[in-house]
Amino acid sequence: MAAALDCASRGRGAVEPNPMVGAVIVREGVEFARGWHREFGRPHAEIEAIGAARAAGADLRGATLYVTLEPCCHLNKKTPPCTETIIPAGFARVVVAMEDPDENVRGRGIAALRAAGISVDVGVCEQAARELLAAYVKLRTRHRPWVICKWAQTADGFLALPRGKGRWISSEQSRARVHELRGLCDGVLVGAGTVLADDPLLTNRSGKGRQPPRVVLDGRLRMPLDCQLVRTAGDSPVILATTPAGKAANPAKAQELVRAGVEVLEIPEMPGDGGAAEPAAPRVGLDGLLDELGRRQWTYLLVEGGAEVLDSFVTSGLADELIVFISPERLGAAGAKGMANLDIARVGEKMSLKEEERRSFGPDTMLRYLIKR
Numbered sequence: 016m017a018a019a020l021d022c023a024s025r026g027r028g029a030v031e032p033n034p035m036v037g038a039v040i041v042r043e044g045v046e047f048a049r050g051w052h053r054e055f056g057r058p059h060a061e062i063e064a065i066g067a068a069r070a071a072g073a074d075l076r077g078a079t080l081y082v083t084l085e086p087c088c089h090l091n092k093k094t095p096p097c098t099e100t101i102i103p104a105g106f107a108r109v110v111v112a113m114e115d116p117d118e119n120v121r122g123r124g125i126a127a128l129r130a131a132g133i134s135v136d137v138g139v140c141e142q143a144a145r146e147l148l149a150a151y152v153k154l155r156t157r158h159r160p161w162v163i164c165k166w167a168q169t170a171d172g173f174l175a176l177p178r179g180k181g182r183w184i185s186s187e188q189s190r191a192r193v194h195e196l197r198g199l200c201d202g203v204l205v206g207a208g209t210v211l212a213d214d215p216l217l218t219n220r221s222g223k224g225r226q227p228p229r230v231v232l233d234g235r236l237r238m239p240l241d242c243q244l245v246r247t248a249g250d251s252p253v254i255l256a257t258t259p260a261g262k263a264a265n266p267a268k269a270q271e272l273v274r275a276g277v278e279v280l281e282i283p284e285m286p287g288d289g290g291a292a293e294p295a296a297p298r299v300g301l302d303g304l305l306d307e308l309g310r311r312q313w314t315y316l317l318v319e320g321g322a323e324v325l326d327s328f329v330t331s332g333l334a335d336e337l338i339v340f341i342s343p344e345r346l347g348a349a350g351a352k353g354m355a356n357l358d359i360a361r362v363g364e365k366m367s368l369k370e371e372e373r374r375s376f377g378p379d380t381m382l383r384y385l386i387k388r
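The working numbering applies: residue 16 is where the sequence shown begins, and numbers increase by one.
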């Protein structure tokens, strides 16, 4: 099962909104085929493994199939039910890491195998499978994408450099890793403030993975018509998430954005507290946005900034994972007056974080955390 899980992980970034799944076929202690779901629309892991075994001339009768997720039993638009291939193959036993939370499956695949006389064991390496498929489980049960908040900071927690000190906090190696991360996600999100300050492109320039849509939170339609995002909307989708009030206040700008190829998406406003602290400008409701992206079957959303947007996702409990690149540079309070601060050390004091990964990229340290709930 550990080998099957390793196979499954190779599908990350290519199979979504389907789950990453791996399969291994064994008989009498000898493994003779592996497979994994390689790409959305292509054969599932079980079919890949069975095909590899048959191509090698193996006899599947009496063999055991290890698979990281319950085999599907429903007809979808892309592939036939896996159970219809597994059952006639003659397997004596199927070992499943976890039940599929998809309402179209959810135990029915296991029941179909048992009804056909196949011995089925469920729950082997289940925790590892759940960790691997956490984003898929969230999409199927809560109908929202897995939210990854990413930022770069100085060693003392500042997210930007003072004017004249350069544009980048993180190293070239760290930025290359961010491009790879974009290629694994369904979309990249920033706030309008980041667009106005940095005019980012937000594309994946790693040469591998997908080219994700770019999302801008812009409650007042402030995004310039001549920014890089608008100019490249025909190359990779750009979604401007605004409020009904923001669009109504500037309908001509909204029409110009649409003509330029930008999707203008209306989302209800973020509710205020009704007091003096309530913002004067409309802000896009993050819950409504995540619900909409879930309807679009997005599995992973990468939130890249700025500091206010990141803080909104983290403090409202909407973030699932944090990836932070820490530069050895320190600005000090005097040198960083007015600079945004979102120190991961302080975030860790406010909520329970589980460190999953720690790696070096050039002079920087990358820390990856899961938010424990």
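The beta carbon of each residue, even a glycine, is placed where N, CA and C say it ideally should be.
What you are looking at is a predicted structure, and each value in this text was computed from that prediction instead of being measured.
Status (buried if at least 16 other CB within 10 Å, exposed otherwise) for residue i
i           : result
residue 148 : buried
residue 168 : buried
residue 207 : buried
residue 375 : exposed
residue 240 : exposed
residue 410 : Summary: the structure shown does not reach residue 410, with the chain confined to residues 16 through 388, and so no result is reported for it.
residue 146 : exposed
residue 24  : exposed
residue 227 : buried
residue 55  : exposed
residue 365 : exposed
residue 268 : buried
residue 291 : Reliability of the predicted coordinates at residue 291 is poor, the pLDDT of 42 falling under 50, and the value obtained from them is presented with this limitation in mind. It is exposed - the Cβ of residue 291 has fewer than 16 other Cβ atoms within 10 Å.
residue 384 : buried
residue 48  : buried
residue 69  : exposed
residue 58  : buried
residue 373 : exposed
residue 322 : buried
residue 150 : buried
Cα-Cα separation between residue i and residue j, rounded to whole angstroms
i           : j           : result
residue 122 : residue 99  : 15 Å
residue 235 : residue 314 : 27 Å
residue 171 : residue 344 : 8 Å
residue 124 : residue 204 : 37 Å
residue 157 : residue 94  : 25 Å
residue 96  : residue 26  : 19 Å
residue 173 : residue 347 : 9 Å
residue 42  : residue 78  : 5 Å
residue 222 : residue 196 : 12 Å
residue 135 : residue 86  : 11 Å
residue 293 : residue 137 : The predicted model places residue 293 with a pLDDT of 48, which falls under 50 and marks its position as unreliable; any figure quoted below should be read in that light. In a straight line, the C-alpha of residue 293 is about 51 Å away from that of residue 137.
residue 143 : residue 217 : 32 Å
residue 237 : residue 248 : 16 Å
residue 62  : residue 304 : 36 Å
residue 118 : residue 17  : 26 Å
residue 182 : residue 115 : 45 Å
residue 288 : residue 387 : Low confidence applies to residue 288: its pLDDT is 44, below 50, so where it sits in the model is not reliable enough to give any reading.
residue 133 : residue 201 : 38 Å
residue 113 : residue 81  : 11 Å
residue 212 : residue 225 : 26 Å
residue 243 : residue 178 : 21 Å
residue 101 : residue 66  : 11 Å
residue 355 : residue 327 : 14 Å
residue 36  : residue 20  : 7 Å
residue 22  : residue 52  : 9 Å
residue 258 : residue 176 : 31 Å
residue 329 : residue 198 : 23 Å
Whole-angstrom C-beta distance between residue j and residue i, which should lie under 8 Å
i           : j           : result
residue 379 : residue 341 : 6 Å
residue 29  : residue 60  : Between residue 60 and residue 29 the Cβ distance is about 13 Å, and since that is not below 8 Å, they are no contact.
residue 262 : residue 284 : Going by Cβ atoms, the distance from residue 262 to residue 284 rounds to 11 Å, so no, they are not a contact pair.
residue 75  : residue 44  : 16 Å between Cβ atoms; not a contact.
residue 370 : residue 382 : 7 Å
residue 286 : residue 260 : That pair is no contact at about 13 Å.
residue 232 : residue 264 : Wrong, their Cβ atoms sit about 16 Å apart, outside the cutoff.
residue 34  : residue 84  : 6 Å
residue 319 : residue 165 : 6 Å
residue 50  : residue 64  : 3 Å
residue 253 : residue 229 : 5 Å
residue 109 : residue 88  : That belief does not hold up - the Cβ atoms of residue 109 and residue 88 are roughly 12 Å apart, past 8 Å.
| Contiguous alpha helix (DSSP H) assignments of at least 4 residues, all confined to the stretch 66 to 136 | 98 to 104, 123 to 130, all fully within the stretch 66 to 136.
| request: With a floor of 3 residues, list each beta strand (DSSP E) that falls wholly inside the stretch 309 to 373, ordered by position along the chain. | output: For the stretch 309 to 373, whole beta strand (DSSP E) runs of length 3 or above, ordered along the chain, are 315 to 320, 336 to 341.
| query | Does the pairing of the stretch 123 to 139 with the stretch 152 to 165 give three or more beta-carbon distances under 8 Å? | reply | no
| task | Give a yes or no on contact between the stretch 186 to 201 and the stretch 321 to 337, applying the rule of three or more CB pairs nearer than 8 Å. | result | no
| Given 8 Å as the limit, is there contact between the stretch 190 to 198 and the stretch 273 to 281, that is, 3 or more CB pairs closer than that? | no
| task | Decide yes or no for the touch test of the stretch 305 to 312 against the stretch 360 to 369: beta carbon pairs closer than 8 Å, at least 3 of them. | result | no
| Those runs of the beta strand (DSSP E) which lie wholly inside the stretch 210 to 257 and span at least 3 residues | If we require 3 residues or more, the beta strand (DSSP E) runs fully inside the stretch 210 to 257 come out as 229 to 232, 253 to 257.
| What are the uninterrupted segments assigned as alpha helix (DSSP H) that are 4 or more residues long and contained completely in the stretch 38 to 64, given in chain order? | none
| field | beta strand (DSSP E) runs contained entirely in the stretch 154 to 189, provided each spans 3 or more residues | value | 161 to 168
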